[in-house]
Ligand SMILES: [Zn+2]
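Residue numbers (my numbering): 76 to 306.
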């Protein structure tokens, strides 16, 4: 691990946290983004209780995969144990995000999966956005709930029951994109339901949309995060 690599990840985390603010996904000091250090049993995460306005690259906390602080002047995010559990158990994941964004958290409060009724949902999530178990902060329960729900699932987002969304990605930006998108579809499907039941998408259409978006669309499609998914 070169110092330049670590510094680049720190700088990227500043950008990714600013993106949460730009899209209105966080209030006060809530929410957090982390990034795995490639090739090392380490990740960087936001410090606890630091205002987004003053969050700097140097503030990011370096932790090992048990969530123990290796380097940092502040306490790490209170969700550090959950992030660490995901990195330990999902080697394909390089970034994790948590917010209490309004619409996604409203679905989490109802413990209701967001049904896949939009082409954009089929593209991004390959089906419904699932609900994870109710879990109290403090041990591995949240991390275990995330991993158990998303393992073998196409979705990069899980709505932890009565809590809010956690998202995963190949890197921090990919996980932030999922956090932005899950809030967007949570809002749209919520509004759609106000005047009736949204029309269903067929599984065939969902599969075709997901495969095209993950494997063909864009400048550099990276394929599904779900290792069981055929390209
Ligand atoms: Zn939370």
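Just so it is clear, CB atoms sit at the ideal spot from N, CA and C, and this is done for glycine as well.
For residue i, is the beta carbon positioned less than 8 Å from some heavy atom of ligand 1?
i, result
"residue 215", "no"
"residue 173", "yes"
Just to confirm, are residue i and residue j a CB contact at a threshold of 9 Å?
i, j, result
"residue 232", "residue 197", "no"
"residue 115", "residue 177", "no"
"residue 137", "residue 119", "yes"
"residue 202", "residue 281", "yes"
"residue 112", "residue 155", "no"
"residue 34", "residue 229", "Nothing can be reported for residue 34, as the shown portion of the chain is limited to 76 through 306."
"residue 149", "residue 124", "yes"
"residue 152", "residue 107", "yes"
"residue 121", "residue 141", "no"
Using the three-state DSSP reduction, which class does residue i fall into: helix, strand or coil?
i, result
"residue 230", "coil"
"residue 306", "In this prediction, residue 306 has a pLDDT of 40, which is less than 50 and means its spatial position is unreliable; what the coordinates show is noted afterwards. Of the three classes helix, strand and coil, the one that applies to residue 306 here is coil, per DSSP."
"residue 112", "coil"
"residue 271", "coil"
"residue 310", "Examination of residue 310 is not possible in this model, given that the chain is present from 76 through 306 alone."
"residue 105", "coil"
"residue 126", "coil"
"residue 211", "coil"
"residue 147", "coil"
"residue 235", "strand"
"residue 282", "helix"
"residue 244", "strand"
"residue 158", "helix"
"residue 100", "coil"
Assuming residue i and residue j make a contact with CB atoms under 8 Å, what is their CB distance in whole Å?
i, j, result
"residue 87", "residue 110", "7 Å"
"residue 182", "residue 234", "5 Å"
"residue 127", "residue 96", "5 Å"
"residue 143", "residue 240", "No, residue 143 and residue 240 are not in contact; Cβ-Cβ is about 26 Å, not under 8 Å."
"residue 157", "residue 217", "4 Å"
"residue 83", "residue 192", "At roughly 39 Å, the Cβ-Cβ gap does not stay under 8 Å, so residue 83 and residue 192 are not in contact."
"residue 188", "residue 206", "5 Å"
Inter-stretch contact (C-beta, 8 Å, three-pair minimum) for the region 205 to 219 and the region 247 to 266: no
Does the region 232 to 252 come into contact with the region 167 to 176, if we say contact requires no fewer than three beta-carbon pairs (one atom in each stretch) closer than 8 Å? yes
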